[in-house]
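Using numbering that gives the first Met the number 0, the first residue of the sequence shown is number 0, and each one after it goes up by one. Ideal placement from N, C-alpha and C gives every residue a C-beta, glycine not left out. In this text the structure is predicted, and so the values were computed from the model without any measurement.
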Amino acid sequence: MPSPQEVLTQLAEMSRRLGDAARDYAILGEGNTSAAVDEETFFVKASGACLATLNPEQLVRVRRAPVLALLERDSTSDTAIAEALQAAKVDRNTPMRPSVETLFHAYLLSLPGIRFVGHTHPTAINALLCSPRAGELVRGRLFPDHIVCCGPDAAFVPYVDPGQPLACAIRAAVERYLAEWGEAPRTVYMQNHGFIALGRSAAEVESATAMAVKAACVLLGAAAVGGPVFLDERQIARIHTRPDEKYRQARISS
Numbered sequence: 000m001p002s003p004q005e006v007l008t009q010l011a012e013m014s015r016r017l018g019d020a021a022r023d024y025a026i027l028g029e030g031n032t033s034a035a036v037d038e039e040t041f042f043v044k045a046s047g048a049c050l051a052t053l054n055p056e057q058l059v060r061v062r063r064a065p066v067l068a069l070l071e072r073d074s075t076s077d078t079a080i081a082e083a084l085q086a087a088k089v090d091r092n093t094p095m096r097p098s099v100e101t102l103f104h105a106y107l108l109s110l111p112g113i114r115f116v117g118h119t120h121p122t123a124i125n126a127l128l129c130s131p132r133a134g135e136l137v138r139g140r141l142f143p144d145h146i147v148c149c150g151p152d153a154a155f156v157p158y159v160d161p162g163q164p165l166a167c168a169i170r171a172a173v174e175r176y177l178a179e180w181g182e183a184p185r186t187v188y189m190q191n192h193g194f195i196a197l198g199r200s201a202a203e204v205e206s207a208t209a210m211a212v213k214a215a216c217v218l219l220g221a222a223a224v225g226g227p228v229f230l231d232e233r234q235i236a237r238i239h240t241r242p243d244e245k246y247r248q249a250r251i252s253s
């Protein structure tokens with residue numbers, strides 16, 4: 000298992016790449032990232048920090064259990080959530096505040112095999128997510144590498160208020176995905192909000208994000224010339240289970 004310092008360095012580097020202005024994944028203070036340190040704690044981007052210029056001092060180490068406990072409450076005020084997140088910090092003396100979206104990061108990092116999470120607001124993806132057919136469009140698979148990098152399907156979350164309600168809605172969508180596919184989703188799409196990639200490594204998060212953005216661009220182009228043609232269930236299942244594609248997936252994400 001990598002040391003906390005190694006995880007911190009990997010997360011900061013991943014965050015800056017996701018925030019690179021040339022990629023158009025996020026601007027200003029948009030988006031947030033996280034990485035598991037061990038079974039009890041994780042690093043998450045501080046509220047208001049910019050992904051493009053993120054440094055290790057802007058990542059906050061948080062205890063997972065008290066954050067997950069917030070998902071079990073029926074309703075919690077914004078003030079109570081902020082206080083609970085402050086109390087969950089490993090270092091109470093750091094002035095940095097965990098993002099309100101720390102709640103869904105805590106849940107996603109509790110999934111088997113998930114060590115890194117990247118939440119961004121790519122323009123091409125949000126163009127789809129702000130459309131009336133958002134769920135249908137982002138769950139369709141367009142080409143083989145779309146499946147290789149992003150999985151056979153995506154978890155989709157209708158719009159809900161960020162914070163505790165969103166974290167609970169993400170948990171429900173992921174649980175439905177797990178029941179159908181027997182594995183965690185590689186991607187989560189949030190209507191009128193943004194995109195999440197999750198993986199075993201920073202490279203998996205980055206490859207899933209890059210391919211999801213490419214797929215969104217292809218989809219927008221296809222919409223201009225008659226509409227998209229999605230792969231069918233048989234074609235998706237074939238690509239998803241081919242040994243050579245599993246090998247390519249491992250190489251791409253390493």
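{"Query": "Whole angstroms is fine: what's the gap from N31's alpha carbon to R63's?", "Result": "16 Å"}
{"Query": "So, do the segment 166-176 and the segment 217-236 have three or more beta carbon pairs nearer to each other than 8 Å?", "Result": "no"}
{"Query": "Considering only DSSP beta bridges, list what Y195 is partnered with.", "Result": "Residue 195 is actually Ile in this sequence, not Tyr. BP columns for I195 point to H118, V187."}
{"Query": "Can you grab the Cα-Cα spacing for the pair P55 / A45, in whole Å?", "Result": "10 Å"}
{"Query": "What residues in its chain sit with their C-beta under 8 Å from that of I80, if we drop five residues either side in the sequence?", "Result": "L69, V99, L102, G162, Q163"}
{"Query": "Within the continuous beta strand (DSSP E) that includes R314, where are the two ends?", "Result": "The question about residue 314 has no answer, for the chain in this structure spans 0 to 253."}
{"Query": "Within its chain, find whatever has a CB closer than 7 Å to the CB of N125; leave out the 5 residues flanking it on each side and keep chain order.", "Result": "G193"}
{"Query": "Count the other C-beta atoms from every protein chain shown that fall within 10 angstroms of the C-beta of L53, then say buried if there are 16 or more, exposed otherwise.", "Result": "buried"}
{"Query": "For the segment 153-162 against the segment 236-251, are there 3 or more C-beta pairs whose distance is under 8 Å?", "Result": "no"}
{"Query": "For a test of the three-state rule: what should DSSP assign to V156, helix, strand or coil?", "Result": "strand"}
{"Query": "Provide the residue span of the alpha helix (DSSP H) that contains F103, from first to last.", "Result": "101-107"}
{"Query": "What's the C-alpha gap between R96 and Q85?", "Result": "7 Å"}
{"Query": "Report, in whole angstroms, the separation of the C-beta atoms of W180 and P151, which I expect to be a contact under 8 Å.", "Result": "7 Å"}
{"Query": "To the nearest whole angstrom, what separates the beta carbons of R114 and A34, a pair I think is in contact under 8 Å?", "Result": "6 Å"}
{"Query": "Between which two residues does the beta strand (DSSP E) carrying T8 extend?", "Result": "Premise fails: T8 lies in the alpha helix (DSSP H), 3-17, not in any beta strand (DSSP E)."}
{"Query": "What separation, rounded to the nearest whole angstrom, lies between the Cα atoms of V43 and K88?", "Result": "10 Å"}
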